[in-house]
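A short write-up of the structure that comes next.
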Amino acid sequence: LKFVESLLGKKGYEVRTAEDGIAALDIVKEYKPDVIFVDLVMPYIRGEKLVSILRAFDELKDTRIVILSGIAAEISSDHVDFGADACIAKGPFNKMGEHITGLLNGFESGSISGPVKEVIGTEDVYKRAITTELIAGRRHSDIIIDSISDGILELNKDFRIVYANNAAKTILKVDEKTLITSRFSELCIPQNGKVMEDYFKGIREQKSLDPVVVVRDGLFLEVNIRHIITETDESYIVIMRDVTHLKQELIAKEKLIKEVFHRVKNNLALISSIVNLQIGDTDDEHIRDVLYTLKSRMDSIALVHSQIYKGNDFDYLDFVDFAESLFSSIVYSEIGQGKYVVYNLDLPRANIDIDTAIPLGLIITELISNTIKYGFTGEKGGEITLSGSISGETMSVVYKDNGTAGEEYFSFEHSSLLSLQLLNALCSQIGSEITFKNNGGAEYRFSIPVVKA
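The following block contains the structure:
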């Protein structure tokens with residue numbers, strides 16, 4: 266670089282130099298040279314790749330591009346095919362200087378009007394076996410990388426793209442001229458650009474990160490990044506996989522699952538309405554009581570399906586929100602029956618899975634129904650408290666009321682109520698046991714598996 270700069274400067278040419286391909290592309294965006302000399306081996310962007318990118322600039326269509334090759338003796342040059350006007354072999358400085366000067370004189374005089382197909386100066390260099398082997402290995406690697414379906418980008422330490430394989434250009438739908446030297450974050454929609462900046466920061470801090478999915482023009486791309494550090498430089502290898510089809514299938518499945526939950530909820534609501542009509546159509550107090558209990562249980566199951574349908578998570582429900590909805594629904598219906606009930610929830614935020622939510626909803630429904638039916642006598646009503654504490658992946662739940670009924674209605678040892686048998690069965694279903702204590706009212710304790718929110 267310094268030799269060519271010195272040579273051309275002494276002959277009166279205006280010279281701009283670039284240490285690598287990125288710097289060269291930055292220069293030509295603001296400056297149009299008459300002749301560009303490109304080293305075949307350059308940092309970040311290889312010489313032949315840089316030439317093909319330069320040829321994509323309309324403003325450089327008349328600019329002569331000359332390759333300086335240090336491997337001219339080892340391989341036949343295809344410099345004309347990738348857009349160069351000539352190729353000069355790197356040999357002794359005095360000989361190479363003569364070739365450069367002669368070529369420039371030919372360009373200026375018009376004696377050289379088209380591409381020079383033969384490499385200039387090969388008589389001054391000698392073939393090296395080791396170089397031939399290295400070049401063959403590199404070409405094999407290039408073919409393999411360009412044949413795989415995953416997109417591969419190389420970024421320099423400033424996160425600018427210096428290499429893109431064929432798949433990357435196809436996935437991103439961006440031409441090489443635009444792609445090379447762009448920042449990867451610029452290729453994503455704004456909110457994903459910030460995600461990628463944070464992701465790169467985490468990688469530089471050597472954090473262990475899972476692949477991230479970014480969005481571009483309706484494409485969902487799964488991105489893996491590897492940080493490479495050498496003694497003199499650092500770079501990033503970005504591996505992209507188009508998962509748009511998988512994402513679309515997932516969205517379709519989510520819609521289907523939501524529709525299933527929605528239909529189950531609607532069907533349960535329809536049955537609940539029919540039962541409600543039947544309650545109003547009978548004068549038998551025992552039948553009314555049985556039907557009302559059945560309706561409460563169906564409403565509890567319907568609530569699980571309703572919350573899943575309204576949410577974005579098909580695996581978990583927020584326990585606090587679920588309990589609040591359940592209590593307010595049951596208490597509201599009891600107010601309609603002439604009883605005033607106050608409830609207090611003192612629960613830590615946690616998620617419960619769907620397999621826990623349905624039996625848990627039924628457990629709480631049975632407890633509230635028993636309290637209202639047997640504990641709150643007359644029209645006075647009373648107060649119910651549901652509290653919990655988390656230890657690891659388990660929440661200990663305490664249900665307590667201030668009712669007046671005795672153990673014959675609430676104790677597992679002294680009562681044969683069907684609802685108490687159901688409570689035992691439901692708790693067993695979620696891997697728990699339920700205990701009773703008369704503590705100024707009924708007090709039940711059981712545990713549930715949770716995931717901290």
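Each number in our numbering comes from the position in the sequence shown (counting from 1) with 265 added on. Note that beta-carbon positions come from the ideal geometry of N, C-alpha and C, so glycine has one too.
Restricting attention to L612, F322, S565 and E373, the CA atom closest to the CA of I619 is found in S565. Taking C-beta separations shorter than 7 Å and ignoring five residues to either side along the sequence, the partners of N489 in its chain run P476 and I504, following chain order. For the pair of segments examined, the region 460-475 was found not to touch the region 504-516: the number of CB pairs separated by less than 8 Å stays below three.
In the DSSP annotation of this structure, the continuous segment of the beta strand (DSSP E) that includes N421 starts and ends at G416 to N421.
Sixteen is the threshold: since fewer than 16 other Cβ atoms of the shown chains lie within 10 Å of the Cβ of H551, the residue is exposed. In this structure the region 515-529 does not lie against the region 427-441, because fewer than three pairs of beta carbons, one per stretch, are closer than 8 Å. Excluding five sequence positions before and after R506, the CB atoms of its chain that fall closer than 6 Å to its own CB belong to D415 and E487, given in chain order.
Proximity to I436 across K459, S693, V479 and N421 peaks at V479, based on C-alpha coordinates. A direct Cα-to-Cα measurement between L305 and V280 gives close to 19 Å. Taking 7 Å as the cut-off, the Cβ atoms of G312 and I332 count as close. Annotation note: the region 304-355 contains the following uninterrupted alpha helix (DSSP H) runs of length 4 or greater, listed N- to C-terminal: 312-319. Taking the CA atoms as reference points, M563 sits about 7 Å from S537. If you look at F701, you'll find it in the beta strand (DSSP E) that goes T700 to N703. For the pair A354 and G386, the CB atoms are nearer than the 7 Å cut-off.
The C-beta distance from G348 to S317 rounds to 5 Å, short enough to meet the 8 Å contact threshold. Per the C-alpha coordinates, the member of D554, C453 and D549 positioned closest to F485 is C453. Rounded to the nearest whole angstrom, the C-alpha separation of F579 and E499 is 42 Å. Ranked by Cα distance from L691, the first of K702, N704, A707 and S712 is S712. L266 counts as exposed, since fewer than 16 other C-beta atoms from the protein chains shown sit within 10 angstroms of its C-beta. According to the DSSP assignment, E519 belongs to the alpha helix (DSSP H) that extends over T509 to G545.
P357 counts as exposed, since fewer than 16 other C-beta atoms from the protein chains shown sit within 10 angstroms of its C-beta.
Setting aside the 5 residues that flank it on each side, T282 is surrounded in the same chain by L266 and E270, each with a C-beta closer than 7 Å to its C-beta; the list follows chain order.
Here the C-alpha atom of D291 lies approximately 56 Å from the C-alpha atom of F526. Going by beta carbons, S652 and S661 fall outside the 7 Å limit.
DSSP places I494 in no alpha helix (DSSP H) but in the uninterrupted beta strand (DSSP E) bounded by L484 to I494.
For Y597 and L685, the gap between their C-alpha atoms comes out near 23 Å. Around the beta carbon of E388, fewer than 16 other beta carbons sit within 10 angstroms, so the residue counts as exposed.
Closest in alpha carbon position to M307, among E324, D327, G335 and N703, is G335. V303 and I445 have their C-alpha atoms roughly 17 Å apart. Contact annotation, I544 with L533: C-beta distance approximately 16 Å; criterion of less than 8 Å not satisfied.
Bounds of the alpha helix (DSSP H) holding S634 are I619 to N635.
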